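If you want the working numbering, it's the 1-based position in the first sequence plus 42.
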Amino acid sequence: MNVRALLTERFEAALAAVLGEAVPANVQPAGRPEFGDYQVNGIMPAAKRMRGNPRALAEQVLARVAIDDLVEPPEIAGPGFINLTLKVDFLAETIGSMPLLATTAHPERIVVDYSSPNLAKEMHVGHLRSTIIGDALARLLAALGHTVIRQNHVGDWGTQFGMLLTYLDETGANSAELADLEQFYRAAKARFDDDPAFAARSRETVVRLQQGDAHAREAWQRFIDVSLAHCQAIYDRLGVTLSPADVYAESAYNDALADIVAELDRQGLATASDGATCVFLDEFKGKDGEPLPVIVQKSDGGYLYATTDLAAVRYRSRTLAADRVLYLTDARQALHFRQIFAVARRAGFANPTTRLEHMPFGAMLGTDGRPFRTRAGEVVKLAELLDEAEARALALVAGKNPELPEDERRAVARAVGIGAVKYADLSKNRASDYVFDWNQMLAFEGNTAPYLQYACTRIQSIFRRGEVTPETLPVRPAIDERAERQLAVLLVRFQEIVEQVAEDGCPHLLCGYLYELSTAFMRFYEACPILNADAGVRASRLRLCARTGDTLRLGLGLLGIETVERM
RNA sequence: GCGCCCGUAGCUCAACAGGAUAGAGCAUCGGCCUUCUAAGCCGAGGGUUGAAGGUUCGAGUCCUUCCGGGCGCGCCA
């Protein structure tokens with residue numbers, strides 16, 4: 043149940059009845075404990091528009107609003123806030139009988155375009171954000187009952203493939219030698235830069251490849267297969283839900299590109315400019331107000347990523363029948379996607395009802411605050427990052443809990459290490475730049491995955507020790523102590539947080555919530571004896587534990603983070 | 001030059017639609033393990049939210065100017 047939405051609905055109905063028009067109630071979680079659990083902030087702006095007295099309006103609204111099943115008698119505070127305190131009965135009933143997460147009444151078909159590495163190179167830290175944030179959103183949207191279509195738009199067709207295939211051809215490299223893609227890429231690049239004849243052959247190879255030359259295609263396929271296998275190994279290790287079936291590569295759009303340009307031309311949107319084919323839209327101006335082009339075909343006849351992205355929009359909107367398409371890419375591509383979406387709308391490649399949303403994320407910075415540049419030899423491969431994370435976690439687990447058997451210790455280290463890496467990324471607002479810092483990422487304290495995982499194990503441990511199964515517990519908890527109440531109020535907020543993340547695409551909100559929930563649980567755990575309490579209280583507190591554990595596990599699950607029995 | 005994003009405690013980050021006294025973690029200092037896992041809990045210090053104006057009952061949030069950083073701007077993706 044979405045408590046915030048419920049309160050908003052009730053207050054907006056009352057506001058509409060009083061004012062005769064719809065105005066936002068702006069219900070938010072209360073900023074301070076003394077203000078209750080939620081506060082209504084919409085009275086003051088509404089009163090201002092009506093040139094009325096906010097407190098008087100608040101009284102009128104309170105006379106009309108039907109909320110006594112949910113909250114204690116509300117208070118009007120300050121210039122016109124309404125403070126709401128949830129009834130203990132409502133908290134107990136919600137925790138006792140409402141599902142953790144209700145599915146949406148309006149399921150949609152949602153394409154999530156994420157990860158999308160370039161297959162010319164091995165995956166590195168630069169691919170982390172798209173992969174991890176995208177996967178969390180895909181899981182979360184699916185859990186809300188939407189139909190999620192994952193699209194891994196891998197780069198398998200760029201000009202650098204000419205260089206790689208030519209080098210592959212010349213060296214006759216086998217699969218084992220290809221295993222280190224990074225090394226292979228560097229060697230090919232060095233050759234390309236040093237040897238003009240090799241560079242020329244590379245460019246010819248691109249042309250042959252795009253013409254469908256059998257030999258070139260065979261070598262290309264061999265290379266792609268190796269590279270994709272690398273990616274899949276990383277996905278499996280990360281616990282990312284992408285599979286080979288989700289790969290829909292750039293090359294898949296090849297056959298549509300000519301038609302995209304032809305269609306733009308047919309509609310009079312295409313303009314020849316310096317030999318290239320461009321689309322100019324009024325809303326995009328460059329310096330001195332001169333129009334900014336979207337180039338869809340080069341002067342040599344080749345197509346560009348803009349063309350491919352337009353074809354992808356059309357495929358997703360028409361063929362996949364998406365209601366919504368989410369693009370998880372670098373913020374640097376913001377202008378590109380604004381242009382693509384605008385052109386796609388104008389040309390009718392996207393149905394008018396399809397929502398196209400770029401969900402950008404910030405740049406990768408080093409600890410010095412400078413942009414994290416991928417100079418040759420300085421990229422951190424994802425595989426190495428994950429090795430390091432697991433090794434650090436293993437050392438920590440061994441120190442903290444030496445009694446754990448070897449195999450379990452390894453499993454815990456994996457969950458903790460991988461979880462820490464994913465959570466470090468998920469817990470930060472994706473719009474901000476991202477400081478890549480080993481120590482920060484692998485510090486297992488505070489708002490981190492291990493803290494949340496630890497809270498889960500504490501709960502598990504209580505049930506083990508008490509030899510209690512949650513099914514035997516009473517449905518409704520009694521909520522008497524302050525720590526119990528604070529925990530309960532957070533527990534009933536889960537639905538509203540998940541729905542907000544689904545809307546905004548910001549998993550850090552869910553992270554913040556889960557962390558807050560965990561700290562509330564830790565305080566409850568310190569303040570309220572559970573197993574040693576009298577039978578009635580004990581059962582009630584175990585019910586709160588069970589609900590907290592279920593919420594944490596589900597929440598972490600939506601983020602793609604594993605939990606363990608003990609650690 | 002034009003445009004987009006960013007600037008919050010020493011560091012890394014929050015602050016949800018303009019709401020009430022800007023919050024966490026790390027680091028620093030001080031407490032708490034003979035009772036459910038101390039990866040924990042409790043407490044202390046630490047801020048002119050880059051600067052200056054403006055809008056209003058109220059601004060970290062909106063507007064203007066400036067400073068500082070990042071990125072983008074015709075045939076790479």
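Virtual Cβ for every residue (Gly too), placed ideally from N, Cα, C.
Keep in mind it's a predicted model, so treat the numbers as computed, not measured.
Between the options, which lies nearest to residue i when the distance is taken from Cα to Cα?
i	options	result
LYS129	ASP316, VAL534 and GLU541	VAL534
VAL531	ALA72, ARG506 and ASN443	ALA72
GLU150	GLY214, THR396, VAL45 and ALA520	THR396
ARG585	ALA58, GLY138 and LYS231	GLY138
LEU57	LEU346, MET86 and PHE77	MET86
ASP479	MET406, THR593 and HIS195	MET406
GLN640	TYR156, LEU186 and THR283	Outside the displayed span of the chain (43 to 609) sits residue 640, for which this structure offers no information.
GLU54	ILE109, ASN95 and LYS90	ILE109
PRO141	LEU596, ARG434 and PHE566	LEU596
ALA242	GLY204, THR319, ARG472 and HIS188	GLY204
LEU183	ALA261, VAL153 and VAL196	VAL153
VAL458	ARG308, MET609, TYR227 and ASP235	MET609
GLU260	VAL196, THR247 and ALA318	THR247
GLY187	TYR557, GLU541, LEU323 and ALA392	GLU541
TYR555	ILE539, LEU573 and MET564	ILE539
ARG46	ASP297, VAL69 and ARG360	VAL69
THR173	ARG264, GLY343 and ASP372	ASP372
Any idea if residue i is buried or exposed, counting beta-carbon neighbours within 10 angstroms, 16 or more meaning buried?
i	result
VAL249	exposed
ALA364	buried
THR590	buried
SER560	buried
ALA577	exposed
ARG417	With a pLDDT of only 40 at ARG417, under 50, the local geometry of the prediction cannot be trusted, and the value read off the model is given with reservation. With fewer than 16 Cβ atoms within 10 Å of its Cβ, ARG417 is classed as exposed.
ASN481	exposed
SER244	buried
GLY214	exposed
GLY419	In this prediction, GLY419 has a pLDDT of 45, which is less than 50 and means its spatial position is unreliable; nothing more can be read from the coordinates.
LYS470	buried
HIS257	exposed
Run through DSSP, which three-state label would residue i get?
i	result
PHE391	coil
LYS327	strand
MET43	coil
GLN253	helix
HIS400	strand
THR313	strand
VAL540	helix
ALA384	helix
GLY62	coil
PHE226	helix
ALA418	Because the pLDDT of ALA418 is 43, which lies under 50, any placement of that residue in the model is unreliable, and the number read from its coordinates should be weighed accordingly. ALA418: coil per DSSP, three-state reduction.
CYS320	strand
LEU334	strand
ASP342	coil
ILE191	strand
MET483	helix
GLY197	strand
LEU573	coil
ASP236	helix
PRO516	coil
MET92	helix
ALA366	Reading off the sequence shown, one finds Arg at residue 366, where the question assumed Ala. ARG366 falls in the strand class under three-state DSSP.
MET406	strand
TYR290	coil
How about residue i: is its Cβ closer than 7 Å to a heavy atom in the ligand PLP?
i	result
ALA575	Of ligands this structure carries none, so the ligand PLP is not represented either.
So, are the CB atoms of residue i and residue j less than 8 Å apart?
i	j	result
PHE132	LEU112	yes
GLY78	THR127	yes
ALA466	GLY404	no
LYS163	LEU223	yes
LEU600	ALA287	no
GLN495	THR593	no
PHE379	LEU352	no
LEU427	VAL167	yes
VAL303	CYS320	no
LEU398	VAL422	no
ILE572	ARG565	no
VAL82	ILE124	yes
ALA431	ALA462	yes
Quiz item: Going along the chain, which unbroken runs of the alpha helix (DSSP H) with 4 or more residues stay wholly within the segment 423-463?
Solution: Counting whole runs of 4 or more residues, the segment 423-463 contains the alpha helix (DSSP H) stretches 424-442.
Self-check item: Within the segment 94-181, ranges of the beta strand (DSSP E) (whole runs, at least 3 residues)
Solution: Within the segment 94-181, the complete beta strand (DSSP E) runs of at least 3 residues are 117-119, 123-126 and 151-155.
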